[in-house]
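A.B. asks:
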Amino acid sequence: MYPSAFEYYRPSSVSEVVQLLSQNPDAKLLAGGHSLVPAMKLRLSSPAALIDITRIPELSGIRDAGDRVVIGATTTYDEVMRSELVQRTLPILPEAIDVIGDLQVRNLGTIGGSLAHADPAADLPAVMLALGAELKAVGPSGERTIPADEFFVDLFTTALQPNEVLTEIAIPKPSGRTGMAYEKFANPASGYAVVGAAAVVTLGDDGRVSAARVAVTGAGPYAVRRTETEQALIGQEPTTEVIKQASQRASEGMTFNSDVFASEEYRAHLTRVFVGRAIAKAAQRARG
Ligand SMILES: Cc1cc2nc3c(=O)[nH]c(=O)nc-3n(C[C@H](O)[C@H](O)[C@H](O)COP(=O)(O)OP(=O)(O)OC[C@H]3O[C@@H](n4cnc5c(N)ncnc54)[C@H](O)[C@@H]3O)c2cc1C
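Using our numbering, the letters of the sequence shown correspond one by one to residues 2 to 289.
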């Protein structure tokens, strides 16, 4: 099906984007187009205007900001995967991106587009929660920083206002003996996550867990941290039994999706299993 007719704008700066958003309240930002264009073709989305943000230099690229890695919102999955800085400091990102869609999706899809879209089955929201990322948004009243913990608020809904553009994602570099891992049970037809689990685990000198962040995507309406699981790990040596006990808590208090691919019960089961696998792999990597 063809999308309904729309105006097309191609701004060259973030301030121009903000101005266009204010002038066109029914507009949508166009990044890689790999979620928006299919939705427009199905007429699930019919924006009056598209604001193409793919040719704005200040929105793209990866930089080393000392204790953080900063990734521009329109940086593609492929650019993130190939970055030596990302591979060295945040290896969970290439690991997760490697299982997103196919080559075409990874060549055009952007990190900011994925996070702003907040598809319940997208991979990166869980990874950003586990990494403790901060997202920068710019709107008519200036810029603000939104912690990943507050960014994903519901199905396809984020803390971004309609007149704001996500400009960059700042991710703290891990310190000490830290390991990270992403484990995904992919839908065999679409490749999206039926359940995906991300874990970042830091070990102290005594071999016990000094910090842990664990998050899940696909299972419910939006990606969430699993703080009960994190608490069950902290102060413990990450033995098989400790990880098993902690991952059993991963489904506590969660709302699960249910569809033709997986029932609520099955998603709850997958959540516990894949959280356990991600923690075990992260802990193993932290040990070196
Ligand atoms: C065949 C196929 C398989 C896929 N498989 C997977 C998968 O396995 N895992 C996965 O996670 N994803 C998957 N995807 C989705 C893909 O990752 C999308 O590219 C991504 O979700 C959206 O990024 P985009 O740059 O294409 O954004 P777009 O489609 O351009 O935009 C998506 C939404 O975000 C908004 N937006 C974009 N950028 C910004 C910004 N900077 N600030 C504010 N709002 C913004 C747009 O207005 C739009 O509403 C798949 C897609 C396809 C077509």
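All C-beta atoms, glycine included, are put in the ideal place defined by N, C-alpha and C. Computed from a predicted structure; not experimentally measured.
#1: Evaluate residue 175 with the Cβ neighbour count: other Cβ atoms within 10 Å of its Cβ, from every protein chain shown; 16 or more gives buried, anything less gives exposed.
#2: Under the three-state reduction of DSSP, which class applies to residue 73: helix, strand or coil?
#3: Below 8 angstroms, how does it come out for the segment 119 to 138 and the segment 210 to 225: are there three or more Cβ pairs, yes or no?
#4: Could you say which of 39, 141, 270, 12 lies nearest to residue 5 if we only look at CA atoms?
#5: Spell out a yes or no on whether the segment 143 to 150 and the segment 48 to 68 are touching, meaning 3 or more CB-CB pairs, one atom from each, closer than 8 angstroms.
#6: Take the Cβ of residue 10 as the centre, count every other Cβ of all protein chains shown within 10 Å, and call the residue buried at 16 or more, exposed below.
#7: For residue 33, is the classification buried or exposed, using 16 other Cβ atoms within 10 angstroms of its Cβ as the cut-off for buried?
#8: Taking the alpha-carbon of residue 76 as reference, which of 156, 281, 167 has the nearest alpha-carbon?
#9: Under the three-state reduction of DSSP, which class applies to residue 248: helix, strand or coil?
#10: Quick one: which unbroken beta strand (DSSP E) runs of 3-plus residues sit fully inside the segment 115 to 170? Chain order, please.
#11: When you compare only the Cα positions, how much space is there between residue 200 and residue 242?
#12: Among residues of its own chain, excluding the 5 on either side of residue 26, which ones have a beta-carbon nearer than 8 angstroms to its beta-carbon?
#13: Is the segment 231 to 245 touching the segment 202 to 210 in the sense that three or more CB pairs, one from each, lie closer than 8 angstroms?
C.D. replies: By the coordinates alone:
#1: buried
#2: strand
#3: yes
#4: 39
#5: no
#6: buried
#7: buried
#8: 167
#9: helix
#10: 135 to 140, 143 to 148, 153 to 155
#11: 17 angstroms
#12: 163, 164
#13: yes
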